[in-house]
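Since the structure comes first, as structure tokens, the remarks are kept for the end.
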Amino acid sequence: MKTENPIQKIIKTSLFALLLTVNATYSQAQENTKESKYSLSNAHSHNDYENDIPFQRAFQKGFGSIEADIFPVNNELLVAHSKDQLNPSITLYGTYLKPAITALRKDPNRKLHLLIDIKENYPIALATLVKQLEPHKEILKTSTHAGRLTITISGSRPKPADYKNYPDYIYFDGEWPLQHTPEESKHVDLVSFSFTNYSKWNGKGRLDHADYTRVKNLIDSVHAEGKKIRFWATPDTKSTWLALMNLHVDLIGTDVIESFGNFIKDLPKNIYTNKEIHKAYQPTYQSDGKNGKIKNVILLIGDGMGLTQIYSAFTANQGQLNLFQMRNIGLSVTNAADTYITDSAAGGTAMAGGKKTNNRAIGVDSTEKPLKSLAVYAAEEGKKTAIVSVGDLADATPAAFYAHQPDRSMEPQIAQDMHTSGINMLLGSGISNFKKNLNGTTAVELLEKKGYTVAYSFEDFKKSNADKLVGIVTDNETRPKIEGRGEFLTEAFLKVTQQFSKAPKGLFMMLEGAQIDHGGHRNNLSQVITENLDFDKVIGKALEFADSNGETLIVVTADHETGGLTLLDGDIQSGYVLGEFSTNDHTAVPVPVFAYGPHSDDFKGVYSNTEIFKRLLKYIQK
Ligand code: MG
Ligand code: ZN
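Counting from 21, one number per residue, gives the positions in the sequence shown under the working numbering.
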């Protein structure tokens, strides 16, 4: 047989590789795992027997491939890495074959690849193995039988010419380059390589371009032969796993079963590729940062919208956001009075009422004293006021602007506070809180007595010209964007500005992108991004509105970050993002503040979230 070691092969193909370099470098960015074809069936438990619980940990995690090293000893096959570690009670049959066959019989949807690395004396080892496998033929895969257990022999193994001496269910790790007769080829399903022969990459950053081309050419050549490929001795990092996936490696080996298992299992919900791009509005900047008069104040709160949420939306929207058109930027420190990490109640109250308070408190300070909200101050100045949320109207963020209750769970009480607020227009969902009878009355009855028109659908809300108007729409109308919500938030914004733009003293509006937070809590990247993009469309309308009158100050910020989102990969050109969440809760990281319009430069710097109240109040009361 003609032998050619991998390095010779590389030299031979290097001219070809050189021609491909430009192309391959380009495609390294392009070929990102846009929609992952990878599942746990591609996960390979390297040297699995070195785990505290061999076989079970990887199998229960869902791995499609497991590796065991064996030595033939006294008619048995013992599993160990080296001879001095042999233990007569750890047999291939007892530790791997029997549990695998039992488990596969129980679960007809499961398949398993068992890679058996024979350390010495393959004739004896294979004879013993065949004896053990023969009674279980029906579950073993062959080129003509769709069995669910694939046995591949690696390490010490026969010459290809001798493959025919073994049953069809015995596959061999191919010797590269493959030079097989069709009959021999039927016994080869996989080719394994030491990664270190192709690259010295340490698994951080990316493969350098020459290595990338070398590895990619190898993978493509193996695939061209119709075989699967696996590398051993790869770095065991997220960047490596991603690189191997982007290169279409079939079996990805790991020693960290739980981490890799979770990583690959969560890929479908951690990857998002945006299809609907919205164009960013081009502001005039005529009033921006100037000393002009402020008539209208618009506060846009993206609940849970940290910098990574924003940047994932920017990437998904192929490199543009209305938010990123705003030039005056600060950071808001969000901690609550009683905790390092705020909730939306304390975060909303700090911005609405100007005091750090305890988590769960709505519109009251940490001694439960009511705090007058920016919306109420604005109403006192004769401005038209509006509170809009694409979520429950009695939920913490909107509630902090009209209610005063010690705990956010007191939603019926929160709803009943609304009629005393003097705010003109409120919109959101969650009707049950407004129909709940407390002390012989409901929030709806109280609102109607105060002269409010109550609309129960978004259509009716939009149609009404009432000056005091509450829209409590069906929960379906505020469903997540990924479940098909329409342009609720943009249309609500336009309704408020159309109705109140001619008000002599102007308007104050707080509009909440409530569900960026929900996506973070669910660790659902698609939800985070689609909600953020929906919110960004409103930001575009707000910038347009500000430019149309030159007397509008816009502040866009968040109450806190949700999910501890990290971006592991992305491609601005195609709108692909891969993110990972570190928690299903809020985090402490300060959140960005973006401002536009007259005096927007007042929002530069790093400050407490209560400063947003103080600085806005200054312009509301002018
Ligand atoms: Mg909220
Ligand atoms: Zn939250």
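A virtual CB, placed ideally from N, CA and C, is assigned to each residue, including glycine.
Is Y189 buried or exposed, if buried means 16 or more other CB atoms sit within 10 Å of its CB? buried
Between the C-alpha atoms of F192 and N141, what's the straight-line distance to the nearest angstrom? 15 Å
Mind reading off the beta-carbon distance from Q338 to Q593? Whole number of angstroms is fine, and I expect it under 8 Å. The pair is a contact, with the Cβ atoms about 7 Å apart (cut-off 8 Å).
What is the rounded straight-line gap between the Cα of N379 and the Cα of T354? Roughly 11 Å separates the two Cα atoms.
So, at 8 Å on beta carbons, what are the nonlocal neighbours of H66 in its own chain, with the 5 sequence-adjacent residues on each side left out? E87, W252, G273, T274, D275
Under the DSSP definition of a beta bridge, which residues are partnered with I318? The partner list for I318 (beta bridge, DSSP) reads M529, I574.
Complete alpha helix (DSSP H) runs within the region 146–228 (minimum length 4 residues, chain order): 202–205
In the DSSP assignment, what residue or residues form a beta bridge with L598? I291, D589
Quick one: Cα of T430 to Cα of A365, how far? Per the sequence shown, residue 430 should be read as Met rather than Thr. Here the C-alpha atom of M430 lies approximately 12 Å from the C-alpha atom of A365.
Quick check: the region 158–175 against the region 120–136, are at least 3 beta-carbon pairs closer than 8 Å? yes
Can you tell me whether D89 is helix, strand or coil according to DSSP? strand
In three-state terms, what does DSSP make of T369? helix
Once DSSP output is grouped into helix, strand and coil, what is the label at K248? strand
For D439, the three-state DSSP class (helix, strand or coil): It should be noted that the sequence gives His, not Asp, for residue 439. H439: helix per DSSP, three-state reduction.
In the DSSP assignment, the beta strand (DSSP E) including E96 goes from what residue to what residue? 96–99
Ends of the beta strand (DSSP E) at G540? First-last for G540: 535–541, but that is the alpha helix (DSSP H), not the beta strand (DSSP E).
Are the CB atoms of D323 and E532 within a distance shorter than 7 Å? In contact: E532 and D323 (Cβ atoms closer than 7 Å).
Would the beta-carbon of I559 fall within 7 Å of that of V576? yes
Can you list, in chain order, every residue whose CB sits closer than 6 Å to a heavy atom of the ligand ZN? G324, S364, D537, H541, T582, H606
Label K22 either buried or exposed according to how many other C-beta atoms from any shown protein chain fall within 10 Å of its C-beta, with 16 as the threshold for buried. With a pLDDT of only 38 at K22, under the threshold of 50, the placement of this residue in the model should not be trusted, and no figure is reported.
Decide if the region 542–551 is in contact with the region 462–469; the criterion is three or more beta carbon pairs, one per stretch, under 8 Å apart. As far as the Cβ criterion goes, the region 542–551 does not touch the region 462–469, which means the pair count is below three.
Using the beta-carbon count (16 or more within 10 Å), is K375 buried or exposed? K375 sits buried, since 16 or more C-beta atoms from the chains shown fall within 10 Å of its C-beta.
Can you determine whether any heavy atom of the ligand MG sits closer than 6 Å to the C-beta of T369, and answer yes or no? no
At what residues does the beta strand (DSSP E) containing A512 begin and finish? Careful: A512 lies outside any beta strand (DSSP E), inside the alpha helix (DSSP H) at 508–520.
Cβ neighbour criterion (16 or more within 10 Å) applied to D277: As written in the sequence, residue 277 is Ile, which differs from the Asp given in the question. By the 10 Å Cβ count, I277 comes out buried.
Reduced DSSP category for L135 - H, G, I as helix; E, B as strand; rest coil: strand
Would you be able to state if there are at least three C-beta pairs under 8 Å between the region 380–394 and the region 412–426? yes
Is the region 178–185 close to the region 151–165, with three or more CB pairs under 8 Å? no
Would you call E551 buried or exposed, if buried means 16 or more other Cβ atoms sit within 10 Å of its Cβ? buried
Quick check: is any heavy atom of the ligand MG less than 6 Å from the C-beta of A395? no
Residues that H580 bridges to, as DSSP identifies them: Beta-bridge pairing links H580 to no other residue.
Please report how far the alpha carbon of A244 lies from the alpha carbon of D270, in whole angstroms. 13 Å
N52 versus I502 - alpha carbon distance: The pLDDT assigned to N52 is 45, lower than 50, so where the model puts this residue is not dependable; a value taken from the coordinates is nonetheless given after this. Cα to Cα, N52 sits roughly 23 Å from I502.
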